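Heads up: the structure comes next, in structure tokens.
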Amino acid sequence: HLGARFAVESAGFGPAGFAATPESVRLLTSVGVDASHHRSRVLTAAMVTDADVVLCAERQHVMAVVANFGGRFDRTFTLPEYAAGAGATAARSSGMAYLHSVVPEVDDPAGRSPSTWTRVWSDLSGWCAAASARLAGAS
Numbered sequence: 136h137l138g139a140r141f142a143v144e145s146a147g148f149g150p151a152g153f154a155a156t157p158e159s160v161r162l163l164t165s166v167g168v169d170a171s172h173h174r175s176r177v178l179t180a181a182m183v184t185d186a187d188v189v190l191c192a193e194r195q196h197v198m199a200v201v202a203n204f205g206g207r208f209d210r211t212f213t214l215p216e217y218a219a220g221a222g223a224t225a226a227r228s229s230g231m232a233y234l235h236s237v238v239p240e241v242d243d244p245a246g247r248s249p250s251t252w253t254r255v256w257s258d259l260s261g262w263c264a265a266a267s268a269r270l271a272g273a274s
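Everything in the sequence shown is counted per the numbering used here, starting at 136 for the first residue and increasing by one.
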């Protein structure tokens, strides 16, 4: 819905070349997205450097992006944190404080029940909508 004003990429810390989980493909198909050909990519420092904002699933991912890929702490967030309007908070005063904070994270549904996948999908949908609105307001 944001048009050509934004480029969104997906990458992670695991090995490259893996297909999306069947659950992910099923949920994306339900909203008209064909992820059947998606393959995982490994995050690189160039991706992080080129990004205006880096959104992660977990606090430890945020810290890994900052520590290992030159990411800026003020531009790297968990998705739910960013969607909620994150900025400078006490939890962001240091990496250790952040890791042990209650900053919200994405619950990983891998290996869990279909109802967990549905709940996480609903959470992700809301967070992505809020993050998109925030990005649209920043442009």
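The C-beta atom is built at its ideal place from N, Cα and C for all residues, glycine as well.
Everything numeric in this text was worked out from a predicted model, so none of it was measured.
Three-state secondary structure (DSSP) of ALA265: helix
Member of ALA265, LEU163 and GLU144 whose CA lies at the smallest distance from the CA of SER275: Outside the displayed range of the chain (136 to 274) lies residue 275, so it cannot be described from this structure.
Start-to-end residues for the beta strand (DSSP E) that takes in VAL189: 189-191
Cα-Cα separation, ALA268 to PHE153: 30 Å
Closer than 7 Å: ALA186 CB and nearest the ligand PLP heavy atom: Looking for the ligand PLP in the displayed structure turns up nothing, as the structure carries no ligands at all.
Rounded Cβ spacing between LEU190 and TRP256 (contact assumed at less than 8 Å): Cβ-Cβ separation between LEU190 and TRP256: approximately 16 Å, too far for a contact (criterion under 8 Å).
Cut-off 6 Å between Cβ atoms - residues of its own chain near GLU193, not counting five sequence neighbours on either side: GLU240
The segment 162-171 touching the segment 197-216, judged by at least three CB pairs closer than 8 Å: no
Proximal residues to ALA221 (C-beta, below 6 Å), its chain only, five neighbours per side dropped: PHE212
Beta-carbon proximity of ALA218 to TRP262, cut-off 8 Å: In this structure, TRP262 lies closer than 8 Å to ALA218 by Cβ.
Other residues of its chain near PHE141: CB distance less than 7 Å, five sequence neighbours each side excluded: LEU270
Sequence-distant residues of its chain with Cβ nearer than 7 Å to ARG254 (five each side left out): none
Nearest to PRO249 (by Cα), restricted to the options GLU158, PRO150 and ALA146: GLU158
Contact under 8 Å by Cβ, MET182 with ALA155: no
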